[in-house]
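Counting from 602, one number per residue, gives the positions in the sequence shown under the numbering used here. One structure is given here, and the rest of the page talks about it.
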Amino acid sequence: MIIKVDQLKSGMVLQADLFTANGDLILAAGTILNEDFIERIDRLKIDNINVMDDQSTLRSKALVTSVNALDKAYHNAVDRFKEVYLVAKNGGKVDEEVIDEISTPIVEEILYNSSLMRELWAMTQYDDYTFDHSVSVSIISGLLAKWVGDSENLVKRATVAGLLHDIGKVAIPESLFNGDRQLTSEEAELVKTHPLKGYDLLKAQSNLSDHVLQAVLHHHEQYDGAGYPHGLKGEAISPLTRIVSIANVYVNLTKARKASESVNPYTASEKIRELSYQLLDPHYTSVFIDGISNFFVGNVVKLSNGLVGEVVLINRSRSSRPLVKTEDDFIDLSVRKDIDIVSIIY
Ligand SMILES: [Fe+2]
Numbered sequence: 602m603i604i605k606v607d608q609l610k611s612g613m614v615l616q617a618d619l620f621t622a623n624g625d626l627i628l629a630a631g632t633i634l635n636e637d638f639i640e641r642i643d644r645l646k647i648d649n650i651n652v653m654d655d656q657s658t659l660r661s662k663a664l665v666t667s668v669n670a671l672d673k674a675y676h677n678a679v680d681r682f683k684e685v686y687l688v689a690k691n692g693g694k695v696d697e698e699v700i701d702e703i704s705t706p707i708v709e710e711i712l713y714n715s716s717l718m719r720e721l722w723a724m725t726q727y728d729d730y731t732f733d734h735s736v737s738v739s740i741i742s743g744l745l746a747k748w749v750g751d752s753e754n755l756v757k758r759a760t761v762a763g764l765l766h767d768i769g770k771v772a773i774p775e776s777l778f779n780g781d782r783q784l785t786s787e788e789a790e791l792v793k794t795h796p797l798k799g800y801d802l803l804k805a806q807s808n809l810s811d812h813v814l815q816a817v818l819h820h821h822e823q824y825d826g827a828g829y830p831h832g833l834k835g836e837a838i839s840p841l842t843r844i845v846s847i848a849n850v851y852v853n854l855t856k857a858r859k860a861s862e863s864v865n866p867y868t869a870s871e872k873i874r875e876l877s878y879q880l881l882d883p884h885y886t887s888v889f890i891d892g893i894s895n896f897f898v899g900n901v902v903k904l905s906n907g908l909v910g911e912v913v914l915i916n917r918s919r920s921s922r923p924l925v926k927t928e929d930d931f932i933d934l935s936v937r938k939d940i941d942i943v944s945i946i947y
């Protein structure tokens, strides 16, 4: 809604980006205004300003509050997993009790937080890539296990398998995972041993279930049989492994090592669909895309034409280009290929 600048109050949320007369961005859409911001806007001598209506403001603030809570729990899981990883790197034991302490709150989020995936996307990215990646894969694996219809027990298993899937990297020089240079073929082969190294390490040191060990060993197998280390195909790859593989691909897409290469969840789910049959199990990818769509319908997004709108419909075969409702129009991005989603506001 458009209001006069003198009607602005702390707590209101900007509906659209705010620019100076020269086109410099002052405040981004989604910013929650405080007295400082209002004073800054006042100095610009703008007449009208576009802020969210009360309902959208409440939703936006609720997301900020719950993201802060998840952020804390997530950061804690990343820190604790880092300790587990470093102990293993120094030849120590992977302590199952600690794994249980890390994964139990994650399972609770999965079972009871109805906006988990949306919050996960809204969170800031961390620097400790390996640990951040593992915790994200853990959460997404558990979520997918829930959507597939697994019992709470299997959600827990998926969460643990997701957390530990790359633990074998402790046995490989870290520099080979930075992605900042082309690896020699020997180095690439060495990197490919991390699933087996992880399996051996966990099998020798822990009483983790065989399901979890298999998922660690086979998380780079492909549905079409072109993966490693054993070239397993289709149903020969365990269900838990197929779940972790999808989570791993999704996290790689949405939280790439280089942040600039990350894509939004709409684009990621379309890519996941494209990778069905070849890389990923088609039944589970379909469940995954349905699950994601439920989270990301209703999001307020910023479009490349400068407008802000709400995603009202996701076409499952073209999930990167949903139908968006702006203040006074519907924009079907599958038709308007000249317009893209620039960011998700909330
Ligand atoms: Fe891996």
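Beta carbons are placed, not taken as given, at the ideal position from N, Cα and C, and that holds for glycine. In this text, all values refer to a predicted model and were calculated from it rather than measured experimentally.
Given the structure, does Pro-796 come close to ligand 1, in the sense that its CB is under 7 Å from one of the ligand's heavy atoms?
yes
At 3 residues or longer, and completely inside the region 883–911: list those beta strand (DSSP E) runs for me, N to C.
901–904
Environment of Val-736 [buried if 16+ CB atoms lie within 10 Å]
buried
Could you tell me if the beta carbon of Asp-733 falls within a distance shorter than 7 Å of some heavy atom in ligand 1?
no
Quick one, which of Asn-779, Asp-825 and Glu-640 has its alpha-carbon nearest Gln-608's?
Glu-640
What are the start and end residues of each continuous alpha helix (DSSP H) run of 4 or more residues lying completely inside the region 697–729, in chain order?
697–713 and 717–723
Give the single residue among Ala-789, His-821, Leu-619 and Asn-754 whose Cα lies nearest to the Cα of Ile-647.
Leu-619
Determine contact between the region 906–922 and the region 824–838, defined as no fewer than three beta-carbon pairs at a distance below 8 Å.
no
CB of His-821 to nearest heavy atom of ligand 1: below 7 Å?
yes
Could you check whether the Cβ of His-766 sits closer than 7 Å to any heavy atom belonging to ligand 1?
yes
Report yes if the CB atom of Ser-863 is closer than 8 Å to the CB atom of Val-902, and no otherwise.
no
Using the Cα positions of Asp-891 and Arg-917, report the straight-line distance between them to the nearest angstrom.
8 Å
Buried/exposed call for Gly-769, threshold 16 Cβ in 10 Å
buried
Taking the straight line between their C-alpha atoms, what separation do you get for Ser-887 and Ala-816?
20 Å
What are the boundary residues of the beta strand (DSSP E) that Thr-927 is part of?
924–927
Three or more C-beta pairs below 8 Å linking the region 760–776 and the region 676–694:
yes
If distances are taken between C-alpha atoms only, which option among Asp-733, Asn-677, Ala-759 and Phe-682 comes closest to Ile-711?
Ala-759
Beta-carbon proximity check, Pro-866 vs Ile-893, cutoff 8 Å:
yes
So Ile-633 and Val-606 are in contact, right, with Cβ under 8 Å, and what is the actual spacing, rounded?
Going by Cβ atoms, the distance from Ile-633 to Val-606 rounds to 17 Å, so no, they are not a contact pair.
Nearest-angstrom Cα separation, counted from Leu-755 out to Ala-674:
21 Å
Contact between the region 760–767 and the region 695–715: three or more CB pairs below 8 Å?
yes
Just to confirm before moving on: does the CB-CB distance between Tyr-824 and Gly-631 stay below 8 Å?
no
Express the C-alpha separation of Gly-743 and Ile-915 in angstroms, rounding to a whole number.
23 Å
Start and end of the alpha helix (DSSP H) containing Asp-811?
811–819
Measure the Cβ-Cβ separation of Val-679 and Asp-696 and say whether it is below 8 Å.
no
Skipping 5 residues on each side, what residues in its chain have a beta carbon closer than 8 Å to that of Leu-784?
Leu-777 and Val-792
Could you tell me the alpha carbon to alpha carbon distance between Lys-856 and Leu-671, rounded to whole angstroms?
17 Å
Residues near Ile-940 in its chain [Cβ-Cβ closer than 8 Å; skip 5 each side]
Leu-904, Ser-905, Asn-906, Ile-932 and Leu-934
Please say whether Val-852 and Ile-873 have beta carbons closer to each other than 8 Å?
no
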